[in-house]
Amino acid sequence: MIYRIVTLISLLPFLSCVKDKPHSANTPQTQLSTDKKVYVINEGNFMAANATISLYDPGTSQVIEKFYHDQNNGSQLGDVAQSMINFNSRFYIVINNSGKIVACDDQFKLRSTINGFTSPRYVLPVSNSKAYVSDLYSNKVFVVNLNSNSISSSIPCPGWTEKMVLSYNKVFVTNVKRNYTYVIDASSDLISDSIVVGPAAESIVLDKNDHVWVLSAGNNTASIVPSLKQIDPLTNQILLNINFNLSDSPGSLCLNRSKDTLFFLNGGIYKMDINSLAIPPDPIIPKGNRSYYGLGINPNDYTIYASDALDYIQRSVVYIFDASGNEKSFFKAGINSNSFYFE
């Protein structure tokens with residue numbers, strides 16, 4: 004998540020608690036079901052090197068909180084787990100403050116470590132042998148050789164590069180510190196265009212029509228409202244611009260399996276059809292007294308997963324809702340659960 008360090012310090016007074024008893028983590032492991040698993044990416048605390056990956060089994064409601072740790076004889080991931088993908092039967096876990104990417108097999112056994120980054124954020128494969136990695140401080144996008152698991156080159160790109168999508172051999176890169184989403188030619192590894200989307204853009208998705216959606220958080224100090232933009236990836240033109248209120252703080256944009264419905268956090272959890280022309284007036288799931296930090300939609304059953312970071316020091320609570328927003332269950336994961344990977 005962005006603003007991780009500031010949030011940790013500034014929100015300490017706002018402590019939360021869980022009234023009901025959740026499913027416990029790290030209980031003696033029983034036989035897992037055949038259901039597809041859910042992995043929770045837990046940042047941990049900045050400078051504490053206590054990042055973890057939790058495994059949740061929907062079939063048994065079992066939680067293995069420190070799954071990477073358990074699969075690697077007690078080894079630690081490092082400092083701040085930012086994101087994770089699975090590509091070609093390999094899990095790639097981006098460890099932000101440790102400046103590395105951990106590559107594991109399909110059983111989460113460590114196979115290699117990709118070093119040399121400044122502060123990596125997200126990884127996007129652009130071919131079977133090449134991936135791009137965004138970075139917080141380096142003013143570049145790194146190019147990684149997936150065969151050798153090493154950095155092969157970089158693409159100059161000013162500012163804090165964040166999430167990315169690939170469409171028509173173009174990579175669209177959000178940028179938190181610039182007003183642009185940059186377009187990179189995946190064949191030449193060169194920036195070919197830039198699209199004005201507003202400040203603090205960190206979320207980006209690709210819908211069923213191959214349209215790119217970019218969510219910008221805006222700049223309250225400069226009176227620039229947050230916005231949601233739809234972009235034609237063929238022409239790089241903005242097809243639709245929808246503004247939020249200045250007081251809003253949207254983030255964590257994601258899609259359902261059919262890629263026809265957007266979800267995002269803005270205090271509560273909002274649901275929006277891709278054909279809508281306005282932000283929904285009310286959330287599908289109100290914020291209440293929770294501090295929603297991460298959001299994901301399970302493509303296997305359309306359930307909504309949302310993490311509550313509580314006080315940003317103790318273990319997060321992950322809530323599971325059905326597609327209509329009705330709460331089904333919840334469980335404890337690691338510290339600062341920021342996102343999910345669904346098998």
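First residue of the sequence shown? That's 4 in the numbering used here, and the numbers climb one at a time after it. Just so you know, even glycine gets a beta-carbon here, dropped at the ideal spot from N, CA and C.
Counting only the Cα atoms, residue 313 lies some 6 Å from residue 319. Taking 8 Å as the cut-off, the Cβ atoms of residue 204 and residue 179 count as close. In this structure, DSSP gives residue 266 an extended state, which the three-state scheme calls strand.
For residue 71, the enclosing alpha helix (DSSP H) covers residues 70 to 74. Residue burial is scored here from C-beta neighbours: residue 132 has fewer than 16 other C-beta atoms within 10 angstroms and is therefore classed as exposed. By the neighbour-count criterion, in which 16 or more other beta carbons inside 10 Å mark a residue as buried, residue 211 falls on the exposed side. According to the DSSP secondary-structure assignment, residue 55 is paired through a beta bridge with 45. If you draw a straight line from the Cα of residue 286 to the Cα of residue 191, it is about 42 Å long.
In this structure residue 87 does not touch residue 127 by the C-beta definition: roughly 12 Å separates them, more than the 8 Å allowed. With 16 or more other CB atoms across the displayed protein chains lying within 10 angstroms of its CB, residue 230 is buried.
In the structure shown, residue 94 falls within a strand segment according to DSSP collapsed to helix, strand and coil. Non-local beta-carbon contacts of residue 254 in its own chain, meaning distances under 8 Å to residues more than five positions away in sequence, involve 4, 5, 205, 206, 218, 220, 267, 268 and 269 in chain order. Residue 188 is positioned such that its CB atom lies no closer than 8 Å to that of residue 214. For residue 274, the pairing in a beta bridge is given by DSSP as 266. Here the C-alpha atom of residue 96 lies approximately 10 Å from the C-alpha atom of residue 123. The beta carbon of residue 129 is closer than 7 Å to those of 135, 169, 174 and 189 in its chain, skipping five residues each way along the sequence. Runs of the alpha helix (DSSP H) lying entirely within the stretch 132 to 200 and spanning at least 4 residues: none are present. 8 Å or more divides the Cβ of residue 42 from the Cβ of residue 273.
Each of 60, 109, 244 and 222 was checked against the Cα of residue 198, and the nearest Cα belongs to 244. Between residue 341 and residue 296, the alpha-carbon positions lie close to 6 Å from each other. For residue 235, the uninterrupted beta strand (DSSP E) segment begins and ends at 230 to 235. Residue 83 is bridged by DSSP to nothing; it lacks a bridge partner. Shown here for residue 201: same chain residues with a beta carbon closer than 7 Å to its own, the five before and five after excluded, namely 182, 219, 221, 227 and 230 in chain order. For the 8 Å CB-CB criterion, residue 112 and residue 74 form a contact. Here the alpha carbon of residue 281 sits roughly 29 Å from the alpha carbon of residue 321.
Counting only the Cα atoms, residue 330 lies some 15 Å from residue 292. The criterion of a C-beta distance shorter than 8 Å is not satisfied by residue 98 and residue 154.
Leaving aside the five residues that flank residue 54 on each side, the residues in its chain whose CB is nearer than 7 Å to its CB run, in chain order, 45, 46, 47, 80, 81, 82, 83, 84 and 98. An exposed status is given to residue 140, since fewer than 16 other beta-carbon atoms sit within 10 Å of its beta-carbon.
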